[in-house]
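Numbering (the numbering used here), first residue to last: 2 to 194. Reviewing the structure listed below.
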Amino acid sequence: MRHVRTARMPGHQRGATLVIALLILVLIMMIGITAVSTSNTQYRLAGNLQFENSALNNAEAAVTTAENWLSSGNNARNIGFAARNQAVTPQLYPIGGAPNPLTVAEWRDSQEDLATANSLRVSDPLTGNPNASQRYFIEQMSINNRLQGSSQAVGGRVSAGCNQVNTYLITGRGISARGATKFVQSYYSVLNC
Numbered sequence: 002m003r004h005v006r007t008a009r010m011p012g013h014q015r016g017a018t019l020v021i022a023l024l025i026l027v028l029i030m031m032i033g034i035t036a037v038s039t040s041n042t043q044y045r046l047a048g049n050l051q052f053e054n055s056a057l058n059n060a061e062a063a064v065t066t067a068e069n070w071l072s073s074g075n076n077a078r079n080i081g082f083a084a085r086n087q088a089v090t091p092q093l094y095p096i097g098g099a100p101n102p103l104t105v106a107e108w109r110d111s112q113e114d115l116a117t118a119n120s121l122r123v124s125d126p127l128t129g130n131p132n133a134s135q136r137y138f139i140e141q142m143s144i145n146n147r148l149q150g151s152s153q154a155v156g157g158r159v160s161a162g163c164n165q166v167n168t169y170l171i172t173g174r175g176i177s178a179r180g181a182t183k184f185v186q187s188y189y190s191v192l193n194c
């Protein structure tokens, strides 16, 4: 008859291999948790940057709308630049009359609150609906300034060209879907002849 030998485990084994394996598993788990946490943080940062970019685009669109308004027709000579009229032109301010955009608690137009109107919402070109995330106001900075390097008399001849400009400071505010707010300011000159 054949005798089968059975392997016996020593009675005083300490399990060092098991402890080392558990430590390695815990270490790998900690590295995984750190990687997931870092990935979530980077995802949130990227999302915040997108919302900030959206707010900046809205502010720039508001400034562009104001520049287009100033350059068309006689808008740059609007009576609102001489005397403030919040009911009719809440977005126009005479020289030295505009508020600091950072201290304005809320930007409103005359359709929202006639008593505190201080800006104008930009209308959507497709629907015509006002867009509350794009607003602007315009302050007149100077009147009838001569253009740099220009003169009425050129070589003994009178220049037929216009060399007088009015300068304006346009402040645009943009808000994103999650409330990020950006301000853009632009100096804009319009011929005054």
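By construction, the Cβ of each residue, glycine as well, lies at the ideal position given by its N, Cα and C atoms. The model shown is predicted, which means the values in this text are computed figures rather than measured ones.
Query raised in the report: Based on the DSSP output, what are the partners of ASN1 in its beta bridges?
Result: Since the first residue shown for the chain is 2 and the last is 194, residue 1 is missing from the structure and cannot be characterised.
Report task. Work out the CA separation of LYS183 and ASN86 for me, nearest whole Å. Result -> 26 Å
Query raised in the report: Would you call the stretch 107-117 and the stretch 47-56 in contact, with 3 or more CB pairs under 8 Å?
Result: no
Requested in this report: Pull up the CB-CB distance for ARG174 and ARG136, whole angstroms please, since I reckon it's below 8 Å.
Outcome: 5 Å
Query raised in the report: Alpha carbon to alpha carbon, what distance is there between ASN76 and SER143?
Result: 15 Å
Requested in this report: Identify which residue in TYR94, ARG122, PRO95, GLY98 has its Cα closest to the Cα of GLU107.
Outcome: ARG122
Query raised in the report: With C-beta atoms as the reference, is GLU68 less than 9 Å away from ILE171?
Result: yes
Query raised in the report: Three-state secondary structure (DSSP) at VAL191?
Result: strand
Query - Distance, LEU192 Cα to GLY98 Cα - result: 22 Å
Report task. Would you kindly report the start and end of the unbroken alpha helix (DSSP H) that includes VAL64? Result -> 17-72
**Report entry** Buried versus exposed call for ASN167 [16 or more other C-beta atoms within 10 Å across all chains shown]
**Finding:** buried
Report task. Buried or exposed for LEU148, please, with buried defined as at least 16 other CB atoms from any protein chain shown within 10 angstroms of its CB. Result -> exposed
Requested in this report: List the whole-angstrom C-beta distance separating ASN79 from THR90, where the pair is believed to meet the contact cut-off of C-beta under 8 Å.
Outcome: 6 Å
Requested in this report: Look at the alpha carbon of LEU26 and the alpha carbon of GLY33, and state the distance between them as a whole number of angstroms.
Outcome: 11 Å
Requested in this report: Within 10 angstroms of the Cβ of ARG45, are there 16 or more other Cβ atoms? Answer buried if so, exposed if not.
Outcome: exposed
Query raised in the report: What does DSSP give as the partner residues of GLN112 in its beta bridges?
Result: None, per the DSSP bridge assignment.
Query raised in the report: For ILE139, which beta-bridge partners are listed by DSSP?
Result: LEU93, ILE171
Report task. Could you check which residue in ALA63, ALA83, GLY81, ALA84 has the C-alpha nearest to that of PRO126? Result -> ALA63
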